[in-house]
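Heads up, the thing below is written out as structure tokens.
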Ligand SMILES: [Mg+2]
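Put into structure tokens, the structure is as follows:
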């Protein structure tokens, strides 16, 4: 059985690739359509190459984790140089109390693959939910401020974390750990 154990890089659109304001003269201001509604969007054409380089250098797979869902592949990715990516069905409605609606679908999707998650809207309850979910192994949420969106600093944090996964493998630790330490019971 060939199970895909590559780490994942989860991408949000609003507040991450589409912050509140353009951050430089090279940014694009466009209109993009999702579910028949058109929104103004600002995008940095450098984000695609940055993220592709991150994925290539760390052996990770980029996936969308955005309410734009499939529209991210049509309306956002091509404008910043990203190819079509897998889409986590975060609009599935598989919610849980107090956590962001995206979090349960993300937990269901990752299937114990390590992941970094660029998002602007996650809180402590989401971390606790993920840490205590059987389908979730190691993860790192990178909190992106929605005013400025994704910056090189965030990509560097992701690269460092993903690279540390490699180090732990080389040290003889399996990529997928069995059993969990710690609980929320205390
Ligand atoms: Mg967001």
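In the working numbering, the protein residues as written are 21 to 206. Ideal Cβ placement from N, Cα and C applies to all residues, glycine included. A quick note: this is a predicted structure, and the numbers were derived from the prediction, not measured.
Under 9 Å between C-beta atoms of residue i and residue j
i: residue 27; j: residue 171; result: no
i: residue 155; j: residue 128; result: yes
i: residue 51; j: residue 87; result: no
i: residue 41; j: residue 65; result: no
i: residue 49; j: residue 57; result: no
i: residue 75; j: residue 29; result: yes
i: residue 82; j: residue 105; result: yes
i: residue 92; j: residue 130; result: no
Classification of residue i by the beta-carbon crowding that lies within 10 angstroms, buried from 16 upward
i: residue 60; result: exposed
i: residue 180; result: exposed
i: residue 22; result: exposed
i: residue 55; result: exposed
i: residue 44; result: exposed
i: residue 77; result: exposed
i: residue 206; result: In this predicted model, residue 206 has a pLDDT of only 35, less than 50, meaning its place in the structure is not dependable enough to derive any value.
i: residue 158; result: buried
i: residue 115; result: exposed
Sequence-distant residues of the same chain with beta carbon closer than 6 Å to residue i, five excluded per side
i: residue 68; result: 100, 101 and 102
i: residue 182; result: 27, 78 and 80
Identity of the residues DSSP links to residue i by a beta bridge
i: residue 63; result: 48
i: residue 38; result: 34
Cβ-based neighbour list, residue i, same chain, cut-off 7 Å, excluding 5 preceding and 5 following
i: residue 166; result: 35, 39, 40 and 140
i: residue 150; result: 123, 127, 156 and 159
Nearest-angstrom Cβ-Cβ length linking residue i and residue j, presumed shorter than 8 Å
i: residue 162; j: residue 136; result: 6 Å
i: residue 84; j: residue 31; result: 6 Å
i: residue 146; j: residue 120; result: 5 Å
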